[in-house]
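Enquirer: Chains as they are written, first to last, in my numbering: chain P, 1 to 230; chain Y, 1001 to 1410.
Sharing a structure with you now.
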């Protein structure tokens, strides 16, 4: 089954007098349970593609399909509902809500989804343990390191078992050890829950870790290789 | 429900994120609400006293007269229905208080001076507590029965006439045949009133004594009824109207003293304007606080939108935050207002400006009047206008594009 399908996507930004083609007739298919790395130099279009797949940005033309459902024609409210139910996000920075504790941040999406308090509390504790943050549940983001915060964000992204997780430079602010730990965690979750991961990065260590590598340049795919088996 | 709970939690925590700003804003709202309620209570207290004093001079919430009496208050303009019959109807109607009386212009003379006055022929039992007389401040005694042969005059008039309790004065008026009707009375009492000018204007004699003097038999010039609330005279008005025929006219006190009637309406309007003006001053602070709160949290709002929170929930969160701020401010403001008004229940002595107050028809003691309607009005204005004031920043926050908001400060 195809988890993500992008067909002939175009997105152009105007910067001063210059037109920047962030996506240039780009098409891509990602199977359910796929583990994909998007790589490009800065400005290559990987974040724009990730945002288009996540319904955070609407392409100028082309189609985006998630699990057989076209999303680029949906309203803001419908896109919000789609993100809530099907997609988990991990951003490069500023991933957490500062006034909530680690556990509350993890519970946030489930609470908006309407998951009962007892159930979401148990899930949040378990997933925080899974990402190695047992004992830090009641800490607020300001009381945690960057790596710990990123792991809370991962926990939040995976806790409600979305079909798709989109991560934009998730290791950018992490040291190599924490970065490796995070990628191992992604791999475990991918294999354990068949969750589809699309990770945008220019970190060579991350690229080496991920089975399918898609290289982009100027909004186009220049290389799409299966590096190794998942 | 879950979303509402998370919105409540986020709004509450965000409210206390910047303690200093929240406390400053809460102080402004509390003081504003206190000022709204306290000043309104003072204003209403003053107006209430003016109206009550004004009605006590009339006196009566609803009055019945001959159709020509108000233009020409002479004894020829009597109510044609006999007093006995009229009194029986009023007694059966179950009014809180009622009376019939003769009220005509007259001249009072002592051996030294003469003055024009209004002569009231009353049944003292029925009139008790109906008028402006301070019964605790009477030299001598007040009238005791309707055929009392004595007369009661005001202290200021007694000074002017250079007379006192026990001395005789002459009252001169006109009978229905346009003949002079005069009679000597012994002054049995000298009254004091909150408003000095009333002591000069009115004199009281027994109703039956005056009916005899004026040769009008069992007739009066005025019948009055009092209801429970001077602000709501319609039930009494309707009841009195049902008791009389078309040979008389029935007036509310607001018709008889249009100045006071208008003042009551104007003051109610003034209270609303006062409350709205204070709120407008407050609203600048409120909107500024919310705009700053939204501006500081752009990325956070973008994140929540990206995670699947609907724009309507973001709108709700900011409005809830605003409402929390207002409700806390209102609670503190109300408590402050009640706490500052309670010790003043026995009145504020403003005798230093008594002359000026008397010119306005008010007494020298100001009794703050805390009316539930005014408290509800102040609270409702703050909440309703506060809601509308917070809509703009809340709407702006809900319109952010998630990805633009997340990357805004990067």
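The beta carbon of each residue, even a glycine, is placed where N, CA and C say it ideally should be.
Exposed or buried, residue 1259 of chain Y, counting other C-beta atoms within 10 Å across all chains shown (16 or more means buried)?
Expert: exposed
Enquirer: Any contact between the segment 171 to 183 of chain P and the segment 196 to 205 of chain P? By contact I mean 3 or more CB pairs, one from each, below 8 angstroms.
Expert: yes
Enquirer: Tell me, please, whether the CB atom of residue 76 of chain P is closer than 7 angstroms to any CB atom in chain Y?
Expert: yes
Enquirer: Tell me the rounded alpha-carbon separation between residue 171 of chain P and residue 84 of chain P.
Expert: 23 angstroms
Enquirer: In chain order, what residues of the segment 1009 to 1042 of chain Y put their CB closer than 7 angstroms to some CB of chain P?
Expert: 1010, 1013, 1014, 1017
Enquirer: Note down the Cα distance separating residue 1244 of chain Y from residue 1087 of chain Y, rounded to an integer number of angstroms.
Expert: When rounded, the distance between both Cα atoms is 11 angstroms.
Enquirer: Does any residue of chain Y have a CB that is nearer than 7 angstroms to the CB of residue 231 of chain P?
Expert: Given a span of 1 to 230 for chain P in the structure shown, any question on residue 231 of chain P remains unanswerable.
Enquirer: Using a C-beta cutoff of 7 angstroms, does residue 66 of chain P count as contacting chain A?
Expert: Of the chains in the structure shown, none is chain A; the protein chains are P and Y.
Enquirer: With DSSP as the reference, please indicate the residues paired to residue 210 of chain P in a beta bridge.
Expert: Residue 210 of chain P pairs with nothing; no bridge assigned.
Enquirer: Identify the contact partners of residue 1329 of chain Y in chain P, using a Cβ-Cβ distance below 8 angstroms as the criterion.
Expert: What residue 1329 of chain Y touches in chain P: nothing, since even the nearest Cβ is about 21 angstroms away.
Enquirer: Once DSSP output is grouped into helix, strand and coil, what is the label at residue 1259 of chain Y?
Expert: helix
Enquirer: DSSP three-state label for residue 203 of chain P, please.
Expert: coil
Enquirer: Taking 6 angstroms as the limit between beta carbons, can you name the residues of its chain near residue 1368 of chain Y, skipping five residues before and five after?
Expert: 1041, 1042, 1045, 1341, 1344
Enquirer: Between residue 1308 of chain Y and chain P, is the shortest Cβ-Cβ distance under 7 angstroms, so that the two count as touching?
Expert: yes
Enquirer: Please list, in chain order, the residues of the segment 162 to 177 of chain P that have any C-beta partner in chain Y closer than 9 angstroms.
Expert: Only those residues of the segment 162 to 177 of chain P whose C-beta falls short of 9 angstroms from the nearest C-beta of chain Y would be listed, and there are none.
Enquirer: Per DSSP, residue 221 of chain P is paired with what?
Expert: P:216
Enquirer: Count the C-beta pairs between the segment 1061 to 1068 of chain Y and the segment 1194 to 1210 of chain Y that are closer than 8 angstroms, then say yes if the count reaches three, no if not.
Expert: no
Enquirer: Report all residues from its chain with a CB closer than 6 angstroms to the CB of residue 1075 of chain Y; omit the five preceding and five following residues, and keep chain order.
Expert: 1104, 1176, 1214
Enquirer: Comparing the C-beta of residue 1003 of chain Y with each C-beta of chain P, is any distance below 7 angstroms?
Expert: yes
Enquirer: List, in order along the chain, the chain Y residues whose C-beta lies closer than 8 angstroms to that of residue 111 of chain P?
Expert: 1002, 1003, 1005, 1006
Enquirer: Less than 7 angstroms between the beta carbons of residue 1140 of chain Y and residue 1170 of chain Y, yes or no?
Expert: no
Enquirer: Using only CA atoms, which one of Y:1034, Y:1011, Y:1138 lies nearest to residue 1330 of chain Y?
Expert: Y:1034
Enquirer: Taking residue 1103 of chain Y as part of the beta strand (DSSP E), name the residues at either end of that continuous run.
Expert: 1097 to 1109
Enquirer: Check each candidate in Y:1304, Y:1392, Y:1223, Y:1394 and name the one with the smallest Cα separation from residue 79 of chain P.
Expert: Y:1304
Enquirer: Hey, how far is the Cα of residue 1291 of chain Y from the Cα of residue 1402 of chain Y?
Expert: 18 angstroms
Enquirer: With a threshold of 7 angstroms between beta-carbons, can residue 1300 of chain Y be considered close to chain P, or not?
Expert: So yes, residue 1300 of chain Y belongs to the interface.
Enquirer: Nearer than 6 angstroms: is that true of the beta carbon of residue 1051 of chain Y relative to any heavy atom of the ligand ADP?
Expert: Of the ligands one can find in the structure shown there are none, so the ligand ADP has no counterpart to examine.
Enquirer: Below 8 angstroms on C-beta distance, what does residue 1305 of chain Y contact in chain P?
Expert: 80
Enquirer: Is there at least one Cβ from chain P nearer than 7 angstroms to residue 1235 of chain Y's Cβ?
Expert: no
Enquirer: Can you name the residues of chain P whose CB is closer than 7 angstroms to the CB of residue 1402 of chain Y?
Expert: Under the 7 angstroms cutoff, chain P gives 56.
Enquirer: Check whether chain Y comes within 7 angstroms of residue 186 of chain P, counting only Cβ atoms and requiring the distance to be less than that.
Expert: Answer no: the Cβ-Cβ gap between residue 186 of chain P and chain Y never drops below 7 angstroms.
Enquirer: Using a Cβ cut-off of 7 angstroms, pull out every chain Y residue sitting near residue 99 of chain P, in sequence order please.
Expert: Neighbours of residue 99 of chain P on chain Y, chain order: 1010, 1013, 1014, 1017.
Enquirer: Could you tell me whether the Cβ of residue 9 of chain P comes closer than 7 angstroms to any Cβ of chain Y?
Expert: no
Enquirer: Mapping the DSSP letters down to three states, classify residue 1408 of chain Y as helix, strand or coil.
Expert: coil
Enquirer: With respect to the beta strand (DSSP E) encompassing residue 1173 of chain Y, which residues constitute its N-terminal and C-terminal limits?
Expert: Counting along the chain, residue 1173 of chain Y sits inside the beta strand (DSSP E) bounded by residues 1168 to 1174.
Enquirer: Where do the N-terminal and C-terminal ends of the alpha helix (DSSP H) with residue 1205 of chain Y fall, by residue?
Expert: Secondary structure note for residue 1205 of chain Y: it is in no alpha helix (DSSP H), and the uninterrupted beta strand (DSSP E) holding it is 1202 to 1206.
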